[in-house]
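K.L.:
Got a structure for you, written out below as structure tokens; questions coming shortly.
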Amino acid sequence: MGRESGRNPSKIRKVEDEAKDRYAYLKIKQDPRPDVYTKIPPQPKEKKPGQLNEGELEQYFERGFVVVNNLLDTSLLDKAREAVNRLVDDLANRLFDAGKIKNKHEDKGFFERLTYLDKEFPGAAIVLLKGGVLPKEFKDLWSCDVLLNVVEQLIGPEIAGHPLWNLRTKIPENEELTVPWHQDNAYLEPCSLEVLQATAWIPLLDANEKNGCMVMASGGHKPGTTATHKCCSGGTWYVEIPEVELTDKLCIDMKKDLIVCEVPYGGVLFLNNAIPHKSLQNHSDKIRYSLDLRWQRPDLPNGFYGMRENVLMRTDKDPNHKINWENMDAPAAYKWQPDEAEEDKLSPTVIGPWMHRWEIVHHNRHTKPVNDYRTKWENKKTKD
Ligand SMILES: O=C(O)CCC(=O)C(=O)O
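The number in our numbering is simply the position in the sequence shown, starting from 1, with 10 added.
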């Protein structure tokens, strides 16, 4: 596997040249394909803080991702950590009040406390992940100028936040928080394939191979297609791309194209919604917290099954645009489970409409209630 740790385009250049032959074959077979993943849009005329340089921009569209070190002001990340601390504290109180735990582990630090809570109440880390509460500190990060300046280079000056976002709570040695090979499009409706959704994956510590950073299948966005995913991987709610789909449909050479992306604190991994990626298991003794935040053009469909709208964050039409977060703040039900009962919010079961998009080849506790929800999702769409 290759290794990536920021601003170094040259070492992957050779691999990509070799890969071009494979994509040329696909081009003949699959045109027309969406070119939003491969075509650099017109660039802003103005120089703005944080903007990618030419090489980085090229990498993003050529490989489907780019790591940028030292991009964020770490004080923003420190504040995000404080917000996570509050969320963990709130979860500990709720679990304690519900009689699920006997010890709130208040003496434990940022990188350990949730692991202790999860030992006492298995699934606590999932409850936090699915909580979907968006504190002010996450909003400040999501809409900070430096990130929007980069996103503007990727999708143009009209920018909306996409409702699919996550606080990843990757406690050590936990299968359910280790995400298998997938394309983000697989979690959305097929229309999202036509729309570039730019993701920033932002670790809240130095993310590395040991604590479970991301691995990208370089160039896998180029066929411009979503591979056939299977549902659900192991004991999880995640869909997964079988290896044969990675190699045959997305043209991935499993020996050359896989890049381990270590991202230091302050750095960001930018990716698109068609690039295959996975995350590694956390074999360290610390929790690997990270945020994944997404943006797209506001006038295009977001593929979120009609459940939530995008939130306009920047527009050329109004330089003083004030973000209305109301939609992302919608009642604290999990984003995929719109009318979850109060007591279910402490349940570590995750289900979502993607489970209907792909064949369920493996059942587990997450897939069990899926048919009950099917009607609710369908009703919701019809109503809207
Ligand atoms: O953070 C992780 O472990 C996985 C993130 C991911 O797969 C994503 O953001 O699409």
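Each residue gets a CB set at the ideal place from its N, CA and C atoms; glycine is no exception.
Please state if the CB of Gly230 and the CB of Glu262 are separated by a distance shorter than 8 Å.
P.N.:
As a working mapping, residue 262 is identified with position 252 in the sequence shown. As a working mapping, residue 230 is identified with position 220 in the sequence shown. The sequence as given places Ile at residue 262; Glu does not occur at that position. The answer is yes: Cβ separation under 8 Å.
K.L.:
Flag this pair as yes or no: are the beta carbons of Phe131 and Lys118 separated by less than 8 Å?
P.N.:
For this step, residue 131 is matched to residue 121 along the sequence shown. For this step, residue 118 is matched to residue 108 along the sequence shown. Not closer than 8 Å, so no.
K.L.:
Indicate the three-state DSSP secondary structure (helix, strand or coil) for His115 in the structure shown.
P.N.:
For this step, residue 115 is matched to residue 105 along the sequence shown. His115: coil per DSSP, three-state reduction.
K.L.:
Less than 8 Å between the beta carbons of Gly74 and Ile285, yes or no?
P.N.:
Position 64 of the sequence shown, counted from the first residue, corresponds to residue 74. Position 275 of the sequence shown, counted from the first residue, corresponds to residue 285. Yes, Cβ-Cβ distance for Gly74 and Ile285 is below 8 Å.
K.L.:
Please list, in chain order, all residues of the same chain as Phe106 whose beta carbon is under 6 Å from its beta carbon, the five residues on each side excluded.
P.N.:
Here residue 106 is taken as the residue at index 96 of the sequence shown, counted from 1. Within the same chain, Phe106 has close Cβ partners Lys114.
K.L.:
Counting pairs of beta carbons, one from the stretch 56–71 and one from the stretch 253–260, are three or more of them closer than 8 Å?
P.N.:
The stretch 56–71, when compared against the stretch 253–260, does not touch it at the 8 Å Cβ threshold.
K.L.:
In chain order, which alpha helix (DSSP H) runs of at least 4 residues are fully inside the stretch 63–117?
P.N.:
If we require 4 residues or more, the alpha helix (DSSP H) runs fully inside the stretch 63–117 come out as 64–73 and 84–107.
K.L.:
Using alpha carbons as the reference points, say which of Glu56, Ala135 and Val205 lies closest to Thr48.
P.N.:
For the purposes of this step, residue 48 is taken as residue 38 along the sequence shown, with counting starting at 1. Closest by alpha carbon: Val205.
K.L.:
Quick check on the burial criterion: 16 or more other C-beta atoms within 10 angstroms. Buried or exposed for Ala342?
P.N.:
In the sequence shown, the residue the question calls residue 342 occupies position 332. With a pLDDT of 40 at Ala342, under the threshold of 50, the modelled position of that residue is not reliable, and the figure given next carries that caveat. Exposed: under 16 other Cβ atoms inside 10 Å.
K.L.:
With DSSP collapsed to three states, give me the class of Leu36.
P.N.:
Residue numbering aside, residue 36 sits at position 26 when the sequence shown is read from its first letter. With a pLDDT of 42 at Leu36, under the threshold of 50, the modelled position of that residue is not reliable, and the figure given next carries that caveat. Leu36: helix per DSSP, three-state reduction.
K.L.:
In chain order, what residues of the same chain lie with their CB nearer than 6 Å to the CB of Arg178, ignoring the 5 residues before and after it?
P.N.:
Reading the sequence shown from its first residue, position 168 is the one you call residue 178. Here the set comprises Ser300.
K.L.:
Closer than 6 Å by C-beta to Trp247: which residues in its own chain qualify, once you throw out the five before and the five after it? Chain order, please.
P.N.:
Indexing the sequence shown from 1 puts residue 247 at position 237. Around Trp247: Val360 and His376.
K.L.:
Okay, do the stretch 185–200 and the stretch 77–92 touch, 3+ Cβ pairs below 8 Å being the bar?
P.N.:
Flag = no, the stretch 185–200 and the stretch 77–92 do not touch.
K.L.:
With 16 other CB atoms within 10 Å as the buried threshold, where does Met11 fall?
P.N.:
On the sequence shown, position 1 is the one that residue 11 refers to. By the 10 Å Cβ count, Met11 comes out exposed.
K.L.:
Would you mind stating whether Leu82 and Gln163 have Cβ atoms separated by less than 8 Å?
P.N.:
One-based indexing of the sequence shown puts residue 82 at position 72. One-based indexing of the sequence shown puts residue 163 at position 153. Their beta carbons are not under 8 Å apart, which means Leu82 does not touch Gln163 by this criterion.
K.L.:
If you reduce the DSSP assignment to three classes, tell me which class Pro233 lands in.
P.N.:
As a working mapping, residue 233 is identified with position 223 in the sequence shown. Pro233 falls in the coil class under three-state DSSP.
K.L.:
Looking at the secondary structure, which residues open and close the beta strand (DSSP E) in which Ala227 lies?
P.N.:
Along the sequence shown, read from residue 1 onward, the residue named residue 227 stands at position 217. Residues Met224 to Ala227.
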